[in-house]
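Here the structure comes first, spelled out in structure tokens, and everything after it is commentary.
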Amino acid sequence: MHESFFTRFRQRAFWLKLTRDLLIITIVVYGVSLFLQRDMISGAAPALSGESLQGDTLTLHPHETTLVYFWGTWCPACKVTSPAVDALSQEYNVISVAVASGTRHEVLDYMQANHYNFPVILDDAAASNQWGASGLPAIYIVRDGEVKFKTRGVTSQWGLEWRLWLTDLMG
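Below is the structure:
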């Protein structure tokens with residue numbers, strides 16, 4: 001009888017400690033996320049348009065959900081995130097901006113070597129500065145001229161897809 005009471009107590013104490021630890025980790029991760037996003041714009045999305053490396057005219061459409069992706073060929077975190085953006089570009093409107101990544105030819109070679117097909121505009125530093133994309137990758141979900149979601153750093157495909165879906169749902 002004594003043993004079962006202590007066993008239950010230890011189990012309860014274990015779960016309480018685990019819950020506390022998970023809550024602390026969640027708060028720390030959320031705080032770091034907010035810190036990383038401190039320079040990123042919120043609210044009204046700045047204008048973004050240009051000719052893609054592929055020859056298409058890219059622009060933010062007012063009533064279309066768009067994933068705006070600032071990245072660099074030299075960026076290690078972008079190498080993890082770019083495959084997700086590429087996959088999502090098959091279903092969603094994507095405008096990507098290559099930041100300090102070389103010439104048109106160099107970026108096209110990089111895209112081909114990595115089998116990426118998402119549309120790319122070369123950044124002249126104006127767009128990344130205007131959007132507050134000082135750390136890469138910087139990702140914005142835009143609809144109706146407003147930034148609905150933003151994130152910086154490595155992001156999963158399902159996380160991006162969830163944000164895109166939620167933005168479409170909110171209409």
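The opening position of the sequence shown corresponds to residue 1 in full-length UniProt numbering, with each subsequent residue numbered one higher.
For glycine and all other residues, C-beta sits at the position ideal for the given N, C-alpha and C.
Mind checking I121: buried by the 16 CB within 10 Å criterion, or exposed?
For the purposes of this step, residue 121 is identified with residue 121 of the sequence shown, where counting begins at 1. Result: buried.
With Y110 as the anchor, note down where its beta strand (DSSP E) starts and where it stops.
Here the question's residue 110 lines up with position 110 in the sequence shown. Careful: Y110 lies outside any beta strand (DSSP E), inside the alpha helix (DSSP H) at R104 to A113.
Locate the alpha helix (DSSP H) running through A87, then write down its first and last residues.
Within the sequence shown, the letter at position 87 stands for residue 87. Here the alpha helix (DSSP H) through A87 covers P76 to L88.
Do the region 53 to 61 and the region 100 to 116 meet, that is, are 3 or more Cβ pairs less than 8 Å apart?
Result yes; three or more Cβ-Cβ pairs closer than 8 Å.
Which residues in the same chain as A44 place their Cβ atom closer than 8 Å to its Cβ, once the five residues preceding and following it in sequence are excluded?
Here residue 44 is taken as the residue at index 44 of the sequence shown, counted from 1. For A44, where only same-chain residues beyond five positions count, the Cβ hits under 8 Å are G145, E146 and V147.
How far does the alpha helix (DSSP H) with E161 in it extend, from its first residue to its last?
As a working mapping, residue 161 is identified with position 161 in the sequence shown. Its alpha helix (DSSP H) spans residues Q157 to M170.
Below 8 Å on the Cβ atoms is my guess for L164 versus I139; work out the distance and round it to an integer in Å.
Counting from one through the sequence shown, the residue named residue 164 turns up at place 164. Counting from one through the sequence shown, the residue named residue 139 turns up at place 139. 10 Å between Cβ atoms; not a contact.
What's the C-alpha gap between A13 and T26?
Here residue 13 refers to the residue found at position 13 of the sequence shown. Here residue 26 refers to the residue found at position 26 of the sequence shown. Rounded to the nearest angstrom, the two C-alpha atoms are 20 Å apart.
List the endpoints of the continuous alpha helix (DSSP H) containing N93.
Numbered from its first residue, the sequence shown carries residue 93 at position 93. Unbroken run through N93 is the beta strand (DSSP E), N93 to A98; no alpha helix (DSSP H).
Enumerate in chain order the residues of its own chain whose CB-to-CB distance from P119 is below 8 Å, with the five nearest sequence positions on each side excluded.
By 1-based counting over the sequence shown, the position of residue 119 is 119. Closer than 8 Å at Cβ, skipping near neighbours: S52, L53, Q54, D56, L58, S89, V94, I95 and S96.
By the 10 Å Cβ neighbour count, where 16 or more other Cβ atoms means buried, how is A98 classified, buried or exposed?
One-based indexing of the sequence shown puts residue 98 at position 98. So A98 ends up on the buried side.
Tell me the DSSP secondary structure of V32 in three-state form.
Here residue 32 corresponds to residue number 32 of the sequence shown, with the count starting at 1. It is helical.
Just to check my reading of the structure: A87 and P137 have Cβ atoms closer than 8 Å, yes? What is that Cβ distance to the nearest angstrom?
Walking along the sequence shown from the start, residue 87 turns up at place 87. Walking along the sequence shown from the start, residue 137 turns up at place 137. The Cβ separation is near 15 Å, so there is no contact.
According to DSSP, is residue 172 part of a helix, a strand, or is it coil?
Coverage of the chain is limited to positions 1 through 171, which leaves residue 172 absent and any answer about it impossible.
Determine the closest residue to Y116 out of W71, G135, H61 and D123, with distance taken between C-alpha atoms.
Residue 116 sits at position 116 when you count from the first residue of the sequence shown. Checked all of W71, G135, H61 and D123; the closest Cα to Y116 is W71.
Quick check on DSSP: helix, strand or coil for L67?
By one-based count along the sequence shown, residue 67 stands at place 67. Correct three-state label for L67: strand.
Between the alpha carbons of A127 and P46, how many angstroms are there, rounded?
Taking the sequence shown and counting its residues from 1, the one referred to as residue 127 is at position 127. Taking the sequence shown and counting its residues from 1, the one referred to as residue 46 is at position 46. If you take the alpha carbons of A127 and P46, they lie about 8 Å apart.
Return helix, strand or coil for T7, following the three-state DSSP convention.
Numbered from its first residue, the sequence shown carries residue 7 at position 7. It is helical.
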